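Enquirer:
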Amino acid sequence: AREEEAVTGAQKEVTEVEDELSKGVSDPKVWRRINDYVSDEVAGKEPDWTLDELASGDRDVRMVIKELIRAKKSLEASKRKLEREEEKALIANKQLDRLGELEKRLNRVEEE
Numbered sequence: 001a002r003e004e005e006a007v008t009g010a011q012k013e014v015t016e017v018e019d020e021l022s023k024g025v026s027d028p029k030v031w032r033r034i035n036d037y038v039s040d041e042v043a044g045k046e047p048d049w050t051l052d053e054l055a056s057g058d059r060d061v062r063m064v065i066k067e068l069i070r071a072k073k074s075l076e077a078s079k080r081k082l083e084r085e086e087e088k089a090l091i092a093n094k095q096l097d098r099l100g101e102l103e104k105r106l107n108r109v110e111e112e
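Residue 35 in this note's numbering sits at position 35 of the sequence shown, with consecutive numbering throughout.
#1: Quick check on the burial criterion: 16 or more other C-beta atoms within 10 angstroms. Buried or exposed for V109?
#2: With a Cβ-Cβ cutoff of 8 Å, do D48 and G24 count as a contact?
#3: Are the beta-carbon atoms belonging to L54 and I34 less than 8 Å from one another?
#4: Helix, strand or coil: how does DSSP classify K79 here?
#5: Quick check: the Cα distance between K72 and A92, rounded to an integer number of angstroms?
#6: Cα-Cα, which of S56, V38, E3 and K29 is closest to E18?
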C-alpha cells in the first residue's frame with residue numbers, strides 16, 4: 001500500500017509539473033520535443049535536442065523541464081519498487097500455498 005501511495009504521489013507531481021510547463025509552452029511541436037527529451041533523459045538515452053534549444057533561452061521553462069525529468073525519474077523508481085514488492089508478495093503466496101499442501105499431506109500421513 002505504501003508503494004502504491006508513492007506511485008500515486010509521484011504521478012500527481014508529474015501532472016502538476018506538466019501543468020506548470022503547459023503555461024509556458026503552447027506549441028504542440030515543442031511539447032512533443034519536450035516529451036521526447038524527457039523520455040530520453042529518464043531512459044538514460046542521448047536526447048536529440050539540448051535543454052537550451054527546447055527552452056528557447058527561457059530560464060523558467062528550462063527549470064520546469066528539469067523538474068519534470070526529476071519527477072518522472074521519481075515516478076519510474078516508485079513503479080519499479082512497487083513491481084518488486086508485488087513480485088515478493090507473489091513468491092510469498094506461492095510459498096504459503098506450498099506449505100499448505102505439505103501440511104495437508106502430513107496430516108494424511110499422520111491419519112494413516
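Think of the CB as a built atom: it goes at the ideal place given N, C-alpha and C, for glycine as much as any other residue.
These numbers come from a predicted model, not from an experiment.
Expert: Looking at the atomic coordinates:
#1: It counts as exposed.
#2: Not closer than 8 Å, so no.
#3: Yes. Within cutoff.
#4: In the structure shown, K79 sits in a helix (DSSP, three-state: H, G or I).
#5: Rounded to whole angstroms, K72 to A92 spans 30 Å at the Cα level.
#6: Ranking S56, V38, E3 and K29 by Cα distance to E18 puts V38 first.
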